[in-house]
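Chemist: Numbered by this note's numbering, the letters in the sequence shown go through residues 4 to 440 in order. Yeah, the Cβ is synthetic: ideal placement off N, Cα and C, and Gly gets one too. Sharing a structure here in structure tokens format.
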Amino acid sequence: MSAGYRNQSDIQENIWAGMLCVIFFFLIISVLAFPNGPFTRPHPVVWRMLFGLSVLYLMLLQFLMFQDYKSIMGIFYWFDPKLRDFHIDMEKQYAANCSDMSFERIWSHVDVFAWGHFLGWAFKAVLIRHMGILWAISVMWEITEITFAHLLPNFAECWWDALILDVLVCNGFGIWCGLKICKLLEMREYKWASIRDISSTTGKLKRAVLQFTPESWAPVRWLDPKCTYMRFFAVCQLVLLWQLTELNTFFLKHIFEMPPSHPVVIGRLVFVGLFTAPSVRQYYIYVTDTRCKRLGTQCWVYIAILVSEAILCIKNGKELFERTQVKNIVVWLIIQAVLSVLFVYGCMLWHRYVEEDDSRDGSPVKQMNRTFKDSAIVSGDSKASDAISKFKASTPSDRFRFESSHNRQNPMTRLLFMSCVSAIAMRNFFGGACICL
Numbered sequence: 004m005s006a007g008y009r010n011q012s013d014i015q016e017n018i019w020a021g022m023l024c025v026i027f028f029f030l031i032i033s034v035l036a037f038p039n040g041p042f043t044r045p046h047p048v049v050w051r052m053l054f055g056l057s058v059l060y061l062m063l064l065q066f067l068m069f070q071d072y073k074s075i076m077g078i079f080y081w082f083d084p085k086l087r088d089f090h091i092d093m094e095k096q097y098a099a100n101c102s103d104m105s106f107e108r109i110w111s112h113v114d115v116f117a118w119g120h121f122l123g124w125a126f127k128a129v130l131i132r133h134m135g136i137l138w139a140i141s142v143m144w145e146i147t148e149i150t151f152a153h154l155l156p157n158f159a160e161c162w163w164d165a166l167i168l169d170v171l172v173c174n175g176f177g178i179w180c181g182l183k184i185c186k187l188l189e190m191r192e193y194k195w196a197s198i199r200d201i202s203s204t205t206g207k208l209k210r211a212v213l214q215f216t217p218e219s220w221a222p223v224r225w226l227d228p229k230c231t232y233m234r235f236f237a238v239c240q241l242v243l244l245w246q247l248t249e250l251n252t253f254f255l256k257h258i259f260e261m262p263p264s265h266p267v268v269i270g271r272l273v274f275v276g277l278f279t280a281p282s283v284r285q286y287y288i289y290v291t292d293t294r295c296k297r298l299g300t301q302c303w304v305y306i307a308i309l310v311s312e313a314i315l316c317i318k319n320g321k322e323l324f325e326r327t328q329v330k331n332i333v334v335w336l337i338i339q340a341v342l343s344v345l346f347v348y349g350c351m352l353w354h355r356y357v358e359e360d361d362s363r364d365g366s367p368v369k370q371m372n373r374t375f376k377d378s379a380i381v382s383g384d385s386k387a388s389d390a391i392s393k394f395k396a397s398t399p400s401d402r403f404r405f406e407s408s409h410n411r412q413n414p415m416t417r418l419l420f421m422s423c424v425s426a427i428a429m430r431n432f433f434g435g436a437c438i439c440l
């Protein structure tokens, strides 16, 4: 046993250590107490920890909403003092000389952000998996950029930049690639073998890597020819909420003055993208399964985060929103509502009159049953197999109770948790000593 001492005279280091300790223990509690998500790969523990991080982020937003702008910026300056020297250039001109259109000028706009734009839409396509809804979000977002260009100057674009580069190239090609990936995953034959049954080292390594791929891949069907009006408007809400998600990204980095390449901006994008995946899946199950009477917990937290971010922007961007052209915003709201209804209704007509009947996929309940079954087995519960039959015949509310009750960890995990508690207690008891076994 060796012991080292941490210098406790530095208040900033003490705050960092305390914050990391809080996050660490909260994630441990998340693993032990939080419900499984709709996914099982690479392991349900990963998604429980991700849910815990989303709850922590929501709590952080609640804390920041009760601070003034100066205090919030002071927190950011404490994390990164270089932000003091960064200010957004409001005098910079965008969408200048739009008539000067040439291949060289168009190609000059294909930078790292254009590639990020493409990858982002490919990821959205993998999440939503519906071409009509994706194109609705894409077109409506361009209208959103035009509407808010008087508040965010970087929203101003030349017509060829918005139409050709954004909608057709980045968005369109990203949507096509994402949907093509989904088709390939749907056609793939999934036969999983335990790593213990594989003899070769190469086979074991390949199986370990494949653990980070989907366990199965079922096609989705957001709209049905005979779907109810509630399902119709639920899909419209999805399109509108996605606009709010995109707007929050740009308003947050503009109001709190951060460069697009800052780690906080990129980290938030990655983080939001990760917990959007289970949220969309839970929303899909809620929309398409008439027996599911309540929304999933991750989806509720996701919606709360969106609303909290919007409130934080409105509260701290008073000077910015004083220049709001109310007429433009009212027209934008009307256009968004009308277009979302028209796009979704068009998709429903497509499913009703154009798409072939044999393209229908199985009930999403079957996929949900398999997901929860695998979650119970992977979690190591010895009674999971006996409860599967009861789970299949249960109501959706019972499924969520099943999910929570079969979310217990094995004794080794509890032992690890108690060891961590003991180590932290000994560290505090010995006046900052770091116990290393």
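Return the chain-ordered list of same chain residues with a C-beta closer than 8 Å to the C-beta of Y60, the five sequence neighbours on each side being excluded.
Modeler: Taken in chain order, the residues that qualify are F274 and I308.
Chemist: Hey, is the region 133-142 in contact with the region 338-356, meaning 3+ C-beta pairs nearer than 8 Å?
Modeler: Cβ pair count under 8 Å is three or more, so yes.
Chemist: For S111 and D169, I'd like the C-alpha separation in whole angstroms.
Modeler: Going from the Cα of S111 to the Cα of D169 covers about 14 Å.
Chemist: By Cβ distance, which residues of its chain are closer than 8 Å to F68, with the 5 residues on each side in sequence left out?
Modeler: This sequence places Met at residue 68; Phe is not what is there. The residues are S311, I314, L315 and K318.
Chemist: Can you tell me whether P414 is buried or exposed, with buried defined as 16 or more other CB within 10 angstroms of its CB?
Modeler: With a pLDDT of only 44 at P414, under 50, the local geometry of the prediction cannot be trusted, and the value read off the model is given with reservation. Classification for P414: exposed.
Chemist: Mark V22 as exposed unless 16 or more other C-beta atoms lie within 10 angstroms of its C-beta, in which case mark it buried.
Modeler: Note that residue 22 corresponds to Met in the displayed sequence, not to Val. By the 10 Å Cβ count, M22 comes out exposed.
Chemist: Taking the straight line between their C-alpha atoms, what separation do you get for R297 and L250?
Modeler: Their backbone Cα atoms lie some 27 Å apart in a straight line.
Chemist: From what residue to what residue does the alpha helix (DSSP H) around I317 run?
Modeler: Segment T300 to N319, the alpha helix (DSSP H) holding I317.
Chemist: Would you check if the distance between the CB atom of Q1 and the CB atom of Q246 is smaller than 8 Å?
Modeler: Absent from the structure is residue 1, since the part of the chain shown begins at 4 and ends at 440.
Chemist: Can you give me the C-alpha to C-alpha distance between Q370 and M134, rounded to a whole angstrom?
Modeler: Its pLDDT being 43, under 50, Q370 is placed unreliably by the model, and nothing is read from it.
Chemist: Over what stretch of residues does the alpha helix (DSSP H) that includes F116 continue unbroken?
Modeler: Counting along the chain, the alpha helix (DSSP H) containing F116 begins and ends at V115 to I131.
Chemist: If distances are taken between C-alpha atoms only, which option among Q11, V113, N174 and M104 comes closest to W124?
Modeler: The shortest C-alpha separation from W124 is found at N174.
Chemist: Can the beta-carbon of F259 be found closer than 8 Å to that of M76?
Modeler: Yes.
Chemist: Excluding sequence positions up to five away, which residues of its chain have a Cβ less than 7 Å from the Cβ of N157?
Modeler: Counting only Cβ-Cβ distances below 7 Å, and skipping sequence neighbours, we find Y97.
Chemist: What's the C-alpha gap between D13 and Q65?
Modeler: If I take the Cα positions, the gap works out to 28 Å.
Chemist: Which word fits Q285, buried or exposed, when buried means at least 16 other C-beta atoms lie within 10 angstroms of its C-beta?
Modeler: Buried, by the Cβ-count rule.
Chemist: Please determine, among C302, L35, C295 and T291, the residue with the shortest C-alpha to C-alpha distance to T279.
Modeler: Ranking C302, L35, C295 and T291 by Cα distance to T279 puts C302 first.
Chemist: Please list, in chain order, all residues of the same chain as F254 whose beta carbon is under 6 Å from its beta carbon, the five residues on each side excluded.
Modeler: Taken in chain order, the residues that qualify are C316.
Chemist: Could you give the distance in angstroms between the alpha-carbon of I288 and the alpha-carbon of M52?
Modeler: Approximately 22 Å between the Cα atoms of the pair.
Chemist: Nearest to M351 by alpha carbon, out of A237, H46, R271 and T300?
Modeler: It is A237 whose Cα lies nearest to the Cα of M351.
Chemist: From H409 to D114, what distance separates their C-alpha atoms?
Modeler: Bear in mind that the predicted position of H409 carries a pLDDT of just 40, short of 50, making it unreliable; the figure below should be weighed with that in mind. Rounded to whole angstroms, H409 to D114 spans 48 Å at the Cα level.
Chemist: Could you spell out the range, first to last residue, of the alpha helix (DSSP H) harbouring P47?
Modeler: Segment P47 to L67, the alpha helix (DSSP H) holding P47.
Chemist: Report, in whole angstroms, the separation of the C-beta atoms of F121 and G177, which I expect to be a contact under 8 Å.
Modeler: Sure, about 5 Å apart at Cβ, within 8 Å.
Chemist: Going by the CB atoms, is the gap between V267 and I131 shorter than 8 Å?
Modeler: Not a contact, by the Cβ cut-off of 8 Å.
Chemist: Evaluate C24 with the Cβ neighbour count: other Cβ atoms within 10 Å of its Cβ, from every protein chain shown; 16 or more gives buried, anything less gives exposed.
Modeler: When all chains shown are included, C24 counts as exposed.
Chemist: Assuming F29 is part of the alpha helix (DSSP H), what are its boundary residues?
Modeler: Counting along the chain, the alpha helix (DSSP H) containing F29 begins and ends at I14 to A36.
Chemist: Between the alpha carbons of A165 and G119, how many angstroms are there, rounded?
Modeler: Roughly 16 Å separates the two Cα atoms.
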